[in-house]
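Numbering (the numbering used here), first residue to last: -1 to 129.
Here a beta-carbon is modelled for each residue, glycine too, at the ideal position from N, C-alpha and C.
All figures in this text were calculated on a predicted structure; none of them were measured in a lab.
Read through the structure below, which is laid out as C-alpha cells, and then see the notes.
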C-alpha cells in the first residue's frame, strides 16, 4: 500500500453531514480521518471523500424524503470499490440508502448503481472473481 495522502478525492455537500459520513463508512469501508468545522474527511489509500455540510440557510430549503428522492441529474458520478456488493446492498438498506439489484460486468469488476440517504447517485464496484 502506498503511503501518504490519497491522490484523488471529492466533496459531497450534505444536509446531514454526520448521517452521510456514517453511511459511506459503513457501506464502503472508508475510514473517518478528521473532522474540522463540520467538514468530515473520510478516506483510504486511494481516495478522500470530504463530506461538507450545506450551510443552514440553504439546507432549510432542501427537503430530504424517506425514502430519498433519487437525484441523478448531475454532470459527475463517482464510484467506489467494495469487497462484496451483496453486503454493501444489505448495509445501505439499513442506513436509508440503496444499492440497486441490476449489476453489469466491467473489465475486471461487477458494477451497479447506488444511492445515499440524501439521494446522491454513485456506483459501487466489486472485483470480478478470477478463475
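DSSP-derived helix/strand/coil call for residue i
i: residue 89; result: helix
i: residue 64; result: coil
i: residue 97; result: strand
i: residue 127; result: coil
Other residues of its chain near residue i: CB distance less than 6 Å, five sequence neighbours each side excluded
i: residue 77; result: 121 and 123
i: residue 9; result: 48 and 50
Spatially closest choice to residue i from the options, by CA coordinates
i: residue 60; options: 113, 4, 39 and 11; result: 11
i: residue 23; options: 38, 13 and 106; result: 38
i: residue 13; options: 99, 72 and 116; result: 116
Per-residue burial, residue i [other beta carbons within 10 Å of its own, 16 or more giving buried]
i: residue 137; result: With the chain represented from -1 up to 129, any question about residue 137 goes unanswered, as that position is not in the structure.
i: residue 55; result: exposed
i: residue 74; result: exposed
i: residue 80; result: buried
i: residue 112; result: buried
Same chain only: Cβ atoms within 8 Å of residue i, ignoring 5 sequence neighbours per side
i: residue 36; result: 15, 50 and 51
Residue i Cβ short of 8 Å to the ligand NAP heavy atom set
i: residue 78; result: Of ligands this structure carries none, so the ligand NAP is not represented either.
If we count Cβ pairs, one from each stretch, closer than 8 Å, do we get three or more for the segment 80 to 96 versus the segment 62 to 71? Flag = yes, the segment 80 to 96 and the segment 62 to 71 touch.
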